[in-house]
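Position in the sequence shown counted from 1, then plus 47, gives you this note's numbering.
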Amino acid sequence: MTQLMLNTSASLGRRTSKLWLPYDYIGASFVKDAEEHPIKAGSSASSSRVIKPAGGCWNCFASPQKLDSIRVDENHQRIDYFQAQFKDLLGHHKINMVKKLFHYLLRNKSLPPEALQAWVSTLRHSLSHYQGFSVIRTTVLYGLHTMLLGNLKNMELANSIRNTLDELMRDLTPLDVSPNGLASWEREIFMPTAGLSTELRKWSSLQPMLLNEPRLSSLRMAIQEPTPESIPNDIVLITKEIFSAPPVKDISAETRVAFIALLLHLMHSNFAPVKQHLLQTSLPPNVLKAWVTELASIIRQQQGTSKSRTSIVYGIHTLLLARSRQSELADEIRAKLSEIKGVMCPPREPLTVLHEWLQELCNPAGGLSDDFRSWDFLKPMLMHHPELVELYNSARNYKSTPPAHLNKVVNLVFAQSSKHICAQTRIVLIALLFHLMYTDVPSVNRHVSASVTSLASNPGGQFFLFEHETTLVMKLLADYNSDYPGAPRPNGRTTILTRGPPRINVRLSA
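See the structure below:
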């Protein structure tokens, strides 16, 4: 136990700290190596280095000034050791030494700012224009980001770390390498616009990587078990801790990236409430930007099924609705949406049949998909959209009251600030309005068509509609006002208010 107390890099310290690094090292600690392999006499720092007594204890009665001098000399000796080893070591020995160094720097809470400043300068000099092992580049860059997170209150040190990061990001960026040629952790820091690397995108490789990450364990277990009911609360708590301002001091830059990767896996889960919560939770803008970038890369690379990609696009629309007042973030989301809709909605033959949701997104001028024109399909979907249940129940009581809640619901769902409404709810409401325009009750039809007309004209700019929603609403109105017998009408076995099949000329009889 005495040895553990003296050795700041001992294993007990690793277990008690919540700081997670996605790598370990082989052999003794960096401090132990530096003590056992002192620099040779005659080198630059040998004359000032103080030799530690064999008993392992400094003079306990030394003055504070002398102790400070001892610490400075000790730090210089370790810096000299690192510089010599970084120059001379080859292969995995050099990689292992760099990993040891960052375990020492990031876990050693007793290092004063002056010592950290000296290390920052050393790393800046030693890694300048380094184009060797990718794992060394990422270990250093993530390590410096972690060091910055822990020292933001020290303005001088923080600015020095930022300047070093700016310089090293330029020097260490791989030359002429495609995104697919970058390793895990490397792609995320050098080319974040390309999305997550393969290793972080695959659950089979991400899951074992996170086994010792304490802050993300509950989310990792929830995906494995699964226990979706606990996830929303976990996301809120973990987000507040990981991205707090100011950040906690024992959080690594890798933990933050791993959390973003976990969010992606949760979005691909089968837990609908989790997906909606992810879209509505108060994630910081930098996380959302990274998340949207990763989702956009999935669309560009045509990964997954068409329906899963369509779900992602609607999810990003929902995110834009929630963050529309954050102009910089909203502009970036709009740009990504424009980019991925070009991939999702390429030119097609006029009569191409698209599945539900994709038809409304990519071909709104063609009206609702066949599924949405069927009340048998739409009715059970309403149960997933509580904002619309009251409207449906009101319409069912048409004999005593017309749908009095209609304007209230339309105003809620399509308001300029619809922070808690998902993009799918808006399409479902448009489909519900379509069915309510073709009932056997003329008063309901007239009331609903007037509301749809108001939505399309948008008096005073009170509503916010995406381009595909505006086109869809205009198409519904044009069909409603058309005398053409073949104009789209509800289909299926039943209508919204009666048990019989829909009549083709129901609007004209109204």
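Beta carbons: idealized from backbone N, C-alpha and C, even for Gly.
Since residue i contacts residue j with CB under 8 Å, what's their CB separation in whole angstroms?
i: His-364; j: Ala-470; result: 4 Å
i: Leu-415; j: Ala-478; result: 6 Å
i: Ser-501; j: Leu-453; result: Not quite, the Cβ-Cβ distance comes to about 10 Å (not below 8 Å), so this is no contact.
i: Val-187; j: Leu-204; result: About 17 Å separates the two Cβ atoms, so there is no contact after all.
i: Lys-336; j: Leu-367; result: Incorrect: roughly 12 Å between the Cβ atoms, too far for contact.
i: Ile-285; j: Arg-303; result: About 11 Å separates the two Cβ atoms, so there is no contact after all.
i: Ile-345; j: Ile-359; result: 6 Å
i: Ala-131; j: Ile-86; result: 6 Å
i: Val-436; j: Met-430; result: 7 Å
i: Leu-219; j: Tyr-189; result: Not really, about 11 Å apart at Cβ, beyond 8 Å.
i: Val-456; j: Leu-476; result: 7 Å
i: Trp-232; j: Thr-185; result: 5 Å
In the DSSP assignment, the alpha helix (DSSP H) including residue i goes from what residue to what residue?
i: Arg-209; result: 202-219
i: Lys-147; result: 138-154
i: Ala-269; result: 264-271
i: Arg-38; result: It is not possible to answer for residue 38, since the shown part of the chain is limited to 48 through 557.
i: Asn-492; result: 489-504
i: Trp-527; result: In the sequence as displayed, the identity of residue 527 is Tyr instead of Trp. Segment 514-527, the alpha helix (DSSP H) holding Tyr-527.
i: Ser-225; result: Neither: Ser-225 is in no alpha helix (DSSP H) and is coded neither H nor E.
i: Asn-458; result: 453-460
i: Gln-406; result: 405-409
i: Trp-166; result: 160-173
i: Ser-416; result: From DSSP, Ser-416 is part of no alpha helix (DSSP H); its letter is neither H nor E.
i: Leu-479; result: 470-483
i: Phe-77; result: 77-83
i: Glu-233; result: 233-237
i: Lys-426; result: 422-429
i: Trp-250; result: 250-256
Quick one: residues in its chain with C-beta nearer than 6 Å to the C-beta of residue i, no 5 flanking neighbours on either side, listed in chain order?
i: Leu-212; result: Leu-191
i: Trp-67; result: Glu-260, Ser-299 and Thr-302
i: Ala-534; result: Asp-526
i: Met-484; result: Asn-492, Val-495, Ser-496 and Tyr-527
i: Gln-463; result: Phe-511
i: Phe-133; result: Ser-173
i: Ser-504; result: none
i: Gly-74; result: none
i: His-515; result: Leu-408 and Pro-411
i: Arg-171; result: Thr-211
i: Leu-311; result: Glu-341
i: Gly-89; result: Confidence in Gly-89 is poor, its pLDDT being 44 and thus under 50, which makes the residue's placement too unreliable to answer from.
i: Thr-357; result: Trp-404 and Leu-405
i: Cys-392; result: Cys-409
i: Phe-77; result: Lys-147, Leu-148 and Tyr-151
i: Met-521; result: Ala-503
Within the same chain, show all residues whose beta-carbon is closer than 7 Å to that of residue i, passing over the 5 residues directly before and after it, in chain order.
i: Asn-410; result: Leu-401
i: Ile-98; result: Its pLDDT being 34, under 50, Ile-98 is placed unreliably by the model, and the measurement read from it follows with that caveat. None.
i: Lys-296; result: Gly-197
i: Ser-225; result: none
i: Val-390; result: Ile-346 and Arg-347
i: Tyr-72; result: Asn-143, Lys-146, Lys-147 and His-150
i: Tyr-128; result: Ala-81, His-84 and Ile-86
i: Ala-382; result: none
i: Ala-308; result: Leu-243, Leu-247 and Leu-253
i: Val-460; result: Glu-434, Ile-468, Thr-472, Arg-473 and Leu-476
i: Leu-257; result: Leu-263, Arg-267 and Ala-305
i: Asn-201; result: Pro-160
i: Gln-373; result: Pro-332
Short of 8 Å in beta carbon distance, which residues of its chain neighbour residue i, apart from the five on each side in sequence? Order them along the chain.
i: Ser-353; result: His-402 and Leu-405
i: Ile-208; result: Val-167, Leu-191, Met-194, Leu-195 and Asn-198
i: Pro-239; result: Ala-337 and Thr-340
i: Ser-95; result: The predicted model places Ser-95 with a pLDDT of 36, which falls under 50 and marks its position as unreliable, so this point remains unresolved.
i: Leu-136; result: Met-144
i: Ser-64; result: Arg-154 and Asp-297
Given 6 Å as the limit, tell me if residue i has its C-beta closer than that to any heavy atom belonging to the ligand ZN.
i: Arg-372; result: Absence of the ligand ZN is noted for the structure shown, with no ligands found whatsoever.
Validate contact between the region 277-290 and the region 238-255 using beta carbons, cut 8 Å, 3 pairs: no
Minimum length 4: unbroken alpha helix (DSSP H) runs contained in the region 338-382: 353-369
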